[in-house]
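Reading through the structure tokens given below for one structure.
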């Protein structure tokens with residue numbers, strides 16, 4: 003389990019990361035992110051890497067990020083990844099891995115985006131009527147239709 007970024011108290015945002023080993027219970031430091039980051043999201047990619055999305059620095063609303071980072075568990079390092087079209091934060095559960103391996107980002111801004119894992123870039127998707135923060139996304143088969151974001155963003 004990767005624990006990356008967050009806040010250690012008032013105005014103290016972290017760039018550090020640790021790995022938790024459930025069998026033996028210790029935490030072990032790993033590489034640090036390029037930016038301090040909290041109120042961000044993370045999603046495990048089909049490659050085993052982890053994509054960290056958006057967030058902000060200690061300035062909260064005025065420190066929102068468009069940036070993303072990708073963690074490589076084999077090397078224990080982060081690399082800068084594609085930028086979002088819009089700044090986003092307060093989106094911890096607002097991302098979901100789609101069945102085609104791409105990532106839907108649907109929180110922190112009214113404009114949804116898709117991270118195409120093959121092209122390693124974000125593309126705009128559907129627009130919500132309202133900007134949602136701290137939203138939870140869940141991809142299920144509630145309808146017989148595939149979401150447009152899935153159909154239009156195939157790898």
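Numbering (the numbering used here), first residue to last: 3 to 157.
Note that CB positions come from ideal geometry on N, CA and C, so glycine has one too.
All of these numbers come straight from a predicted model, not from anything done at the bench.
Problem set entry | Within-8 Å CB hit, residue 22 to chain C | Judged by its chain identifiers, the structure shown contains no chain C, having just a single protein chain.
Exercise. CB residue 177 to CB residue 89, shorter than 8 Å?
Worked result: Nothing about residue 177 can be reported from this structure: the residues present for the chain run from 3 to 157 only.
Exercise. Around the Cβ of residue 23, are there at least 16 other Cβ atoms within 10 angstroms (buried) or fewer (exposed)?
Worked result: To locate residue 23, count along the chain shown from 1; it is residue 21. Exposed, because fewer than 16 other Cβ atoms sit within 10 Å of the Cβ of residue 23.
Exercise. When the Cα of residue 93 is compared with those of 54, 31 and 14, which residue comes out closest?
Worked result: Walking along the chain shown from the start, residue 93 turns up at place 91. The option with the nearest alpha carbon to residue 93 is 54.
For this session: Measure from the alpha carbon of residue 3 to the alpha carbon of each residue in 12, 27, 13 and 9, then state which is nearest.
Result: Counting from 1 along the chain shown, the entry for residue 3 is found at position 1. Residue 3 has its Cα closest to that of 27, out of 12, 27, 13 and 9.
Exercise. On the three-pair Cβ rule with 8 Å, is the segment 33–41 touching the segment 101–109?
Worked result: no
Problem set entry | As assigned by DSSP and simplified to three states, the class of residue 13 | Along the chain shown, one-based indexing puts residue 13 at 11. Note: residue 13 maps to coil in three-state DSSP.
Exercise. Alpha carbon to alpha carbon, how far is residue 7 from residue 62?
Worked result: One-based indexing of the chain shown puts residue 7 at position 5. One-based indexing of the chain shown puts residue 62 at position 60. Cα atoms of residue 7 and residue 62: separation of roughly 14 Å, rounded to the nearest angstrom.
Exercise. By DSSP, does residue 101 sit in helix, in strand, or in coil?
Worked result: In the chain shown, the residue the question calls residue 101 occupies position 99. Of the three classes helix, strand and coil, the one that applies to residue 101 here is coil, per DSSP.
Exercise. Taking the Cβ atom as the reference point for each residue, do residue 48 and residue 120 lie within a distance shorter than 8 Å?
Worked result: Residue mapping note: residue 48 aligns to position 46 of the chain shown, counting from 1. Residue mapping note: residue 120 aligns to position 118 of the chain shown, counting from 1. Against a cut-off of 8 Å, the Cβ pair of residue 120 and residue 48 comes out as no contact.
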